[in-house]
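Take 508 as the starting number for the sequence shown in the numbering used here and just add one per residue. What follows is one structure encoded as structure tokens, with my remarks underneath.
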Amino acid sequence: MTFQEAVQAAPAPVNEAYQPGLQALGSNSAKIQDDCRRTTGSLFLDKTLENSQPYANQPRWDYGIGVRRRNREEAFWVEVHPANTHGVTEVLRKLDWLKNFLNHVAPSLRGITRSEQPYVWIASGGIHIQKNTPQSRRLAASGLLGPLKHYSLGEP
């Protein structure tokens, strides 16, 4: 299944939110180092669901991105958020929300989500989380990659 097909198989309004390339990221696309031959599409999940019940008041994840890897398409999930100690709890709540959404609402997207490091936090500004703090340990335990200043599609 392609990323576009997985988006279109998701329930409304997500099924109509597919964008070619990194268009769904708008100005945040500059934070992704992209080989346009690998990017297959994107989805602005947060904006798509902001006025939809029951998601309007939930901690929604920002973006899904489809990439061509190992002769198949995979999805990975990007959150652009301030990278400070106060943001850790919020980003981890968004990650829990995303995993639940993929598992219970959008299994087509879960099915193409890559198995290695599928969740990425990109800092919207500087990174202000010290190593060896409780917050950094919570991040390490979560499996979330980041926070990073930029992300390269060539990374695992």
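Ideal placement from N, C-alpha and C gives every residue a C-beta, glycine not left out.
Straight through space, the alpha carbons of Asn610 and Lys656 are spaced by roughly 28 Å. In this structure, Val612 and Gly653 do not form a Cβ contact; the two beta carbons are roughly 24 Å apart against a cut-off of 8 Å. Checking the DSSP bridge columns, you'll see Val627 partnered with Val585 and Leu652.
Nearest to Thr547 by alpha-carbon distance, out of Gln560, Asp553, Arg579 and Gln565, is Arg579. Counted as a single uninterrupted DSSP element, the beta strand (DSSP E) harbouring Arg575 occupies residues Tyr570 to Arg576. Exposed is the label assigned to Ser659, since fewer than 16 other Cβ atoms lie within 10 Å of its Cβ. Counting the other CB atoms within 10 Å of its CB gives Thr596 a total below 16, which places it among the exposed residues. Just so you know, the alpha carbons of Gly650 and Gln624 end up roughly 7 Å apart. Shortest Cα-Cα distance from His588 to any of Lys638, Ser631, Leu532 and Pro518 involves Ser631.
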